[in-house]
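*Asks:*
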RNA sequence: GAGGAUGUAGCUCAGCAGGUUAGAGCAUCAGAUUGUGGUUCUGAGGGUCGUGGGUUCGAGCCCCAUCUUCCUCCCCA
């Protein structure tokens, strides 16, 4: 009686038919673009070995990985290996009672896949992958513990043509989804590394990128404060202050970067790469108001090494809806170095929320019955089903109300299902070989012979 | 991982210094109309007030715990 209401776990959601209709609209749009650019589908398991995932996402990331308890009596198994469980805190205990974990993103499992199957892959290997990932993060608006990523990656080709194509994909997909005013931000990890080197803080690259990334959120002062707390000296802070000034005031930051990084070989390489990407896009007629170089863009994932990109709708209140970048040595972690990868990822759930807020989905009505038959009893419904089967064999969506209940109730149902036409075959229609057809939008109703009905549809009766 | 709010009918929300049988709108179901929807009218069902404890003569309201959702930090899609 006073049973607790059932519910899905925190941060995880059910998707009803209407939501699925919209979600599939997003997924199929993304899938269509990926395939158009020559990417092939891939799926990997929901779980990976814990060791495959740990250490790939930084310290914070490790904490957010959902670990799965070993099957069976895992405590007994651990004790039998001579492990004194009372000696460990829960963090240390994990590796003795959990060997598997839920997938945290799609890139690392993909890297694992590439290393495992490299002998049978043809490079450059282009795959796309649309699957859920899980993070033990604190749920908030637009942040879930289970959400979908839609990734496309190219592995085995260092060419910047891939970067260009991925940006084209970002643009083409978001345009197809009608996302208004989205902007692609572009940067290069080599530039960030160059900046760290120029100010003499190469060892603090991660701290620098994390702080810079927050510029548009917390402002100059706070960023400087954070950097200062992280041990950056006054010279470095002054140089970074200039840099942030330039980033927020100049339309084209490239001249500034060129002079800032002129003495740094790696930084200049990064500039070269960005130049190539931007110039190529320009000569392809890419609209330059939807892309801009943002030297404060960092992106959290540690493994990026070259171009990085991120898509946002400015002032929408939503975080980034897509992003990506180049990672030179991801497969190196799995013992296969020298394979360069580059990819993009759409955050389908954020796209969904954004599109809901902006009312960008097509109406949910198309997918129902075209012809819906009312049920007047057993003889009548049998005749209806014969006609229905004929219509279905011509790919026409149709159906019948399964129970012979009040017509008013059946009509209400048809109305709610947004059917286009209601067909009635009662005793009169059976004896006359006719059919009543009602247009549910106009309310217009007519009775014609059944053979005329098939003729109108271009079918033989 | 840290801090702060929230939770009343299927949904959106009322409610009172803690005081008898907890309300509204929408939705649902039934009837007006026993072969016709989206409008109208009438009526009905549905809540041990998130859950578990505690304080009190008495708790939807106060206290504690727990879960959900939301917000900030952290981090991210």
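Residue numbers (my numbering): 631 to 1091. For each residue, glycine too, the CB sits at the ideal point set by N, CA and C.
Less than 9 Å between the beta carbons of residue 1018 and residue 1029, yes or no?
*Replies:* Against the first chain, residue 1018 aligns to sequence position 388. Against the first chain, residue 1029 aligns to sequence position 399. Against a cut-off of 9 Å, the Cβ pair of residue 1029 and residue 1018 comes out as a contact.
*Asks:* Measure the CB-CB distance between residue 592 and residue 870 and report whether it falls below 9 Å.
*Replies:* Residue 592 lies beyond the stretch modelled for the chain, which goes from 631 to 1091, so this question has no answer here.
*Asks:* Identify the continuous beta strand (DSSP E) that holds residue 761 and give its terminal residues.
*Replies:* For the purposes of this step, residue 761 is identified with residue 131 of the first chain, where counting begins at 1. Unbroken beta strand (DSSP E) run through residue 761: 755 to 764.
*Asks:* For the structure I just gave you, are there three or more beta carbon pairs, one from the region 950 to 965 and one from the region 838 to 857, closer than 8 Å?
*Replies:* With a cut-off of 8 Å, the region 838 to 857 and the region 950 to 965 do not count as touching, because too few Cβ pairs lie within range.
*Asks:* In terms of alpha-carbon separation, which member of 734, 761 and 724 lies closest to residue 704?
*Replies:* For this step, residue 704 is matched to residue 74 along the first chain. For the residues 734, 761 and 724, the minimum Cα distance to residue 704 belongs to 724.
*Asks:* Per DSSP, what kind of secondary structure is residue 729 in: helix, strand or coil?
*Replies:* Indexing the first chain from 1 puts residue 729 at position 99. In the structure shown, residue 729 sits in coil (DSSP, three-state: anything other than H, G, I, E or B).
*Asks:* If I follow the unbroken alpha helix (DSSP H) through residue 1069, where does it start and stop?
*Replies:* Taking the first chain and counting its residues from 1, the one referred to as residue 1069 is at position 439. Segment 1064 to 1069 is the beta strand (DSSP E) holding residue 1069; no alpha helix (DSSP H) there.
*Asks:* Decide if the region 871 to 880 is in contact with the region 797 to 817; the criterion is three or more beta carbon pairs, one per stretch, under 8 Å apart.
*Replies:* As far as the Cβ criterion goes, the region 871 to 880 does not touch the region 797 to 817, which means the pair count is below three.
*Asks:* From residue 923 to residue 860, what distance separates their C-alpha atoms?
*Replies:* Here residue 923 corresponds to residue number 293 of the first chain, with the count starting at 1. Here residue 860 corresponds to residue number 230 of the first chain, with the count starting at 1. Rounded to whole angstroms, residue 923 to residue 860 spans 26 Å at the Cα level.
*Asks:* Any idea if residue 830 is buried or exposed, counting beta-carbon neighbours within 10 angstroms, 16 or more meaning buried?
*Replies:* Counted from its first residue, the first chain places residue 830 at position 200. Residue 830 is exposed by the Cβ-count criterion.
*Asks:* Among 883, 943, 882 and 819, whose alpha-carbon lies nearest the alpha-carbon of residue 899?
*Replies:* By 1-based counting over the first chain, the position of residue 899 is 269. Here the closest residue by C-alpha is 819.
*Asks:* Can you list, in chain order, the residues of its chain with a C-beta nearer than 6 Å to that of residue 1083? Leave out the 5 residues immediately preceding and following it.
*Replies:* Stepping through the first chain from its first residue, residue 1083 is reached at position 453. Once the five neighbours on either side are set aside, the close Cβ partners of residue 1083 are 1065.
*Asks:* Can you list the alpha helix (DSSP H) stretches of 4 or more residues lying completely in the region 889 to 970, in chain order?
*Replies:* You should have 895 to 913.
*Asks:* Whole angstroms is fine: what's the gap from residue 633's alpha carbon to residue 1004's?
*Replies:* For the purposes of this step, residue 633 is taken as the residue at position 3 of the first chain. For the purposes of this step, residue 1004 is taken as the residue at position 374 of the first chain. Caution applies to residue 633, whose pLDDT of 45 falls short of 50 and renders its modelled position unreliable; the model cannot decide the point.
*Asks:* Excluding the five sequence neighbours on either side, which residues of its own chain have a C-beta within less than 6 Å of the C-beta of residue 780, listed in chain order?
*Replies:* Your numbering for residue 780 matches position 150 in the first chain. So the list reads 660, 760, 976 and 978, once near-sequence residues are dropped.
*Asks:* Can you give me the Cβ contacts of residue 866 inside the same chain, cut-off strictly under 6 Å, excluding the 5 residues immediately before and after it?
*Replies:* Here residue 866 refers to the residue found at position 236 when the first chain is read from its first residue. Closer than 6 Å at Cβ, skipping near neighbours: 829 and 831.
*Asks:* May I have the straight-line CA-CA distance separating residue 1078 from residue 1024, to the nearest angstrom?
*Replies:* Taking the first residue of the first chain as 1, we reach residue 1078 at position 448. Taking the first residue of the first chain as 1, we reach residue 1024 at position 394. For residue 1078 and residue 1024, the distance between alpha carbons rounds to 20 Å.
*Asks:* Is the CB-CB distance between residue 736 and residue 674 below 9 Å?
*Replies:* As a first step, residue 736 must be located in the first chain, where it is residue number 106. As a first step, residue 674 must be located in the first chain, where it is residue number 44. Closer than 9 Å, so yes.
*Asks:* By Cβ distance below 6 Å, which residues in the same chain neighbour residue 822 in space, the five residues on each side in sequence not counted?
*Replies:* By one-based count along the first chain, residue 822 stands at place 192. Excluding sequence neighbours, residue 822 sits near 839.
*Asks:* Kindly provide the ranges of any beta strand (DSSP E) runs that are 3 or more residues long and lie completely inside the region 633 to 693, ordered along the chain.
*Replies:* Listed in chain order, they are 677 to 679.
*Asks:* Taking C-alpha atoms, which residue in 800, 757 and 893 lies nearest to residue 786?
*Replies:* Working through the first chain from its first residue, we reach residue 786 at position 156. Of the candidates 800, 757 and 893, the one whose C-alpha sits nearest the C-alpha of residue 786 is 757.
*Asks:* When DSSP labels each residue in this structure, what does residue 752 get in the three-state scheme?
*Replies:* Counting from 1 along the first chain, the entry for residue 752 is found at position 122. It is coil, neither helix nor strand.
*Asks:* For residue 695, collect the residues of the same chain with a Cβ closer than 6 Å to its Cβ; drop the 5 residues on either side in sequence, then sort them by chain order.
*Replies:* As a working mapping, residue 695 is identified with position 65 in the first chain. Cβ within range, chain order: 683, 731 and 734.
*Asks:* Going by beta carbon distance, what residues of the same chain come within less than 8 Å of residue 816, once the five residues before and after it are set aside?
*Replies:* Translated into positions along the first chain, residue 816 becomes position 186. If we look at residue 816 and ignore the five residues flanking it on each side, its Cβ neighbours are 797, 904, 907, 908, 921, 922, 923, 924, 927, 937, 938 and 939.
*Asks:* Suppose the cutoff is 7 Å on Cβ atoms and the five residues either side in sequence are ignored; what does the same chain contact list for residue 769 look like?
*Replies:* Translated into the one-based positions of the first chain, residue 769 becomes position 139. 640, 641 and 775, listed in sequence order.
*Asks:* Based on the DSSP secondary-structure assignment, which residues constitute the bridge partners of residue 977?
*Replies:* Position 347 of the first chain, counted from the first residue, corresponds to residue 977. Looking at the DSSP assignment, residue 977 forms a beta bridge with 779.
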